[in-house]
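Okay, so here's the structure we're looking at.
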Amino acid sequence: MIAMSATMIRFTIDHSGPERHERSAELARAILASTDRSLSELEVVGIEPLLTNHVDAESAERLRDAGVQVDDETLRGTVDATPAVVDAVLSLFSDSLLVARLSTSRGRRFSRATIPTPNRVACWPPSTNRSARRFRSS
995 MIAMSATMIR FTIDHSGPER HERSAELARA ILASTDRSLS ELEVVGIEPL LTNHVDAESA
1055 ERLRDAGVQV DDETLRGTVD ATPAVVDAVL SLFSDSLLVA RLSTSRGRRF SRATIPTPNR
1115 VACWPPSTNR SARRFRSS
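Under the working numbering, residues 995 to 1132 are what the sequence shown spells out, in order.
This is the structure:
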């Protein structure tokens, strides 16, 4: 699902079953490329050991190298949207273990959530679960 307005783009990529994460990452890249907006900042929250061990260790390491902190096995932080960081986030994009909010230089935000399995719901902010299938943009 993609919803666009003058101030916000919201999209969701559901990933489940045998489809590889790379396919969902390709879709996310295509969506961002079609918006013709440059990103300035990324805010991420993720379950670090599972992202590293089961999704993409190299991408998780790139986020840590960029300054995203690990506290109590949670990868959390806001960093500049360098090409390497954006690529790392998009490589991890399809998994419910990572929640990301991407901001443009104009303060507009691209938000995403994934719900790949019935027993795991991703939402923003991670501490609330009122709106499990969508992000709210500020």
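Even glycine gets a Cβ: it sits at the ideal position worked out from N, Cα and C.
Going by the CB atoms, is the gap between L1021 and I1050 shorter than 7 Å?
Here the question's residue 1050 lines up with position 56 in the sequence shown. Here the question's residue 1021 lines up with position 27 in the sequence shown. The sequence given here places Asp at residue 1050; Ile does not occur at that position. The answer is no: Cβ separation not under 7 Å.
Taking 6 Å as the cut-off, is the C-beta of R1023 nearer than that to any heavy atom in the ligand COA?
The ligand COA is not part of the structure shown, which contains no ligands of any sort.
Counted within 10 angstroms of its Cβ, other Cβ atoms place L1036 as buried (16 or more) or exposed:
Stepping through the sequence shown from its first residue, residue 1036 is reached at position 42. That one is buried.
Using only the alpha-carbon positions, how far apart do I1041 and A1054 sit?
As a working note, residue 1041 is residue 47 in the sequence shown. As a working note, residue 1054 is residue 60 in the sequence shown. C-alpha separation (whole angstroms): 10 Å.
Identify which residue in L1092, L1084, V1093 and G1061 has its Cα closest to the Cα of A1019.
Here the question's residue 1019 lines up with position 25 in the sequence shown. Cα-wise, what sits closest to A1019 is L1084.
Can you tell me which of the three DSSP states E1042 falls into?
Residue numbering aside, residue 1042 sits at position 48 when the sequence shown is read from its first letter. Helix, per DSSP.
Cβ atoms of V1062 and V1038: under 7 Å apart, would you say?
Looking up residue 1038 in the sequence shown gives position 44. Looking up residue 1062 in the sequence shown gives position 68. Taking 7 Å as the Cβ cut-off, V1038 and V1062 qualify as a contacting pair.
Cutoff 8 Å; reference T1076; Cβ partners in own chain excluding five residues on either side:
As a first step, residue 1076 is located in the sequence shown; it is residue number 82 there, counting from the start. Once the five neighbours on either side are set aside, the close Cβ partners of T1076 are A1060.
Of the residues G1071, E1067, D1074 and D1081, the one placed nearest N1047, counting alpha carbons only:
Here residue 1047 refers to the residue found at position 53 of the sequence shown. Minimum Cα distance to N1047 is reached at E1067.
State the start and end residues of the unbroken alpha helix (DSSP H) segment that holds V1079.
Sequence index remark: in the sequence shown, residue 1079 carries index 85 (1-based). Residues P1077 to L1086.
Which residue from T1098, G1071, R1095 and A1082 puts its Cα closest to that of E1052?
Reading the sequence shown from its first residue, position 58 is the one you call residue 1052. The shortest Cα separation from E1052 among T1098, G1071, R1095 and A1082 belongs to A1082.
Considering just the uninterrupted stretch of the beta strand (DSSP E) at S1032, what are its terminal residues?
To locate residue 1032, count along the sequence shown from 1; it is residue 38. Per DSSP, S1032 belongs to no beta strand (DSSP E) and is neither H nor E.
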